[in-house]
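Enquirer: The opening residue of the sequence shown carries number 286 in the working numbering; numbering runs sequentially from there.
We put the beta carbon where it would ideally sit given N, CA and C, even for glycine.
Owing to the predicted nature of the structure, the values given are computational and were not obtained by experimental measurement.
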Amino acid sequence: MGFFTPTSTSPIGQQPLPIGLQLKSPLDKHKGKQFILKDIIPGNFDYILSLQKHVEQSRHIRTAVDNIPKRHILVFPYLEQGLLHIDTAALSSLAKKVIIRNTLTNLANLYDKHIIHTDIKPTNIIIDSFKTAK
Numbered sequence: 286m287g288f289f290t291p292t293s294t295s296p297i298g299q300q301p302l303p304i305g306l307q308l309k310s311p312l313d314k315h316k317g318k319q320f321i322l323k324d325i326i327p328g329n330f331d332y333i334l335s336l337q338k339h340v341e342q343s344r345h346i347r348t349a350v351d352n353i354p355k356r357h358i359l360v361f362p363y364l365e366q367g368l369l370h371i372d373t374a375a376l377s378s379l380a381k382k383v384i385i386r387n388t389l390t391n392l393a394n395l396y397d398k399h400i401i402h403t404d405i406k407p408t409n410i411i412i413d414s415f416k417t418a419k
């Protein structure tokens, strides 16, 4: 049996929780990976879960890999860097354009599915190691 290594979000970004805190996962593919656990308002849990199903095939939108219904928690993969934590002055103009284009493409894809993202901010633009916005 694998384990989730949970992390949390804080005002300054995503921070791993203390070592040793693990959740049991029946999926061995999750073993050794870090995750973000996001508490969802109980009345919104089913709605948010249904939205996830509309975008789960997108390679540019971070979607939940699991959920804990009894606790109203969604489990997301942990990505190393948010836009807020990158030295944007050090990025080439091409990299900046790619990040902006990917972000706008992702928002357009959501809009095409009748989903409006209402919390657009640098901490919600996650950059993977290839500087691809998610």
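Residues in its own chain within less than 8 angstroms of residue 346 by CB, not counting five upstream and five downstream?
Expert: Numbered from its first residue, the sequence shown carries residue 346 at position 61. Correct list, in chain order: 340, 391, 394, 395, 419.
Enquirer: For residue 412 and residue 328, I'd like the C-alpha separation in whole angstroms.
Expert: Residue 412 sits at position 127 when you count from the first residue of the sequence shown. Residue 328 sits at position 43 when you count from the first residue of the sequence shown. Looking at the two C-alpha atoms, the distance is approximately 30 angstroms.
Enquirer: Return the Cβ separation of residue 325 and residue 333 in integer angstroms, given the expectation that the two are a contact with Cβ distance under 8 angstroms.
Expert: If you number the sequence shown from 1, residue 325 lands on position 40. If you number the sequence shown from 1, residue 333 lands on position 48. Residue 325 to residue 333, Cβ: 5 angstroms. Contact.
Enquirer: Going by DSSP in three states, residue 379 sits in which element: helix, strand or coil?
Expert: The residue you call residue 379 lines up with position 94 of the sequence shown. In the structure shown, the three-state DSSP call for residue 379 is helix.
Enquirer: Whose C-alpha, out of 375, 364, 388, 335, is nearest the C-alpha of residue 354?
Expert: Here the question's residue 354 lines up with position 69 in the sequence shown. Selected option, being the one with the closest Cα: 335.
Enquirer: State the start and end residues of the unbroken beta strand (DSSP E) segment that holds residue 322.
Expert: Indexing the sequence shown from 1 puts residue 322 at position 37. Start and end: 319-324.
Enquirer: Among the candidates 386, 337, 360, whose CA atom is the shortest distance from the CA of residue 398?
Expert: Here residue 398 corresponds to residue number 113 of the sequence shown, with the count starting at 1. Selected option, being the one with the closest Cα: 337.
Enquirer: Which class does residue 340 belong to by DSSP, given the choice of helix, strand or coil?
Expert: Residue 340 sits at position 55 when you count from the first residue of the sequence shown. Three-state result, residue 340: helix.
Enquirer: Nearest to residue 356 by alpha carbon, out of 379, 330, 343?
Expert: Numbered from its first residue, the sequence shown carries residue 356 at position 71. The shortest C-alpha separation from residue 356 is found at 330.
Enquirer: Buried or exposed for residue 401, please, with buried defined as at least 16 other CB atoms from any protein chain shown within 10 angstroms of its CB.
Expert: Locating residue 401 in the sequence shown gives position 116, counting from the first residue. Its Cβ having fewer than 16 others within 10 Å, residue 401 is exposed.
Enquirer: Starting from residue 351 and walking both ways along the beta strand (DSSP E), at which residues does that stretch end?
Expert: The sequence position of residue 351 within the sequence shown is 66, counting from 1. It spans 351-353 - the beta strand (DSSP E) in which residue 351 sits, taken as one unbroken run.
Enquirer: In whole angstroms, what is the alpha-carbon distance linking residue 385 and residue 362?
Expert: Translated into positions along the sequence shown, residue 385 becomes position 100. Translated into positions along the sequence shown, residue 362 becomes position 77. The alpha-carbon atoms of residue 385 and residue 362 are separated by roughly 22 angstroms.
Enquirer: Consult DSSP for residue 405 and reduce its assignment to one of helix, strand or coil.
Expert: The sequence position of residue 405 within the sequence shown is 120, counting from 1. DSSP places residue 405 in coil when its eight states are reduced to three.
Enquirer: Can you check which of these residues, 342, 350, 343, is closest to residue 319 by C-alpha distance?
Expert: In the sequence shown, counting from the first residue as 1, residue 319 sits at position 34. Residue 319 has its Cα closest to that of 350, out of 342, 350, 343.
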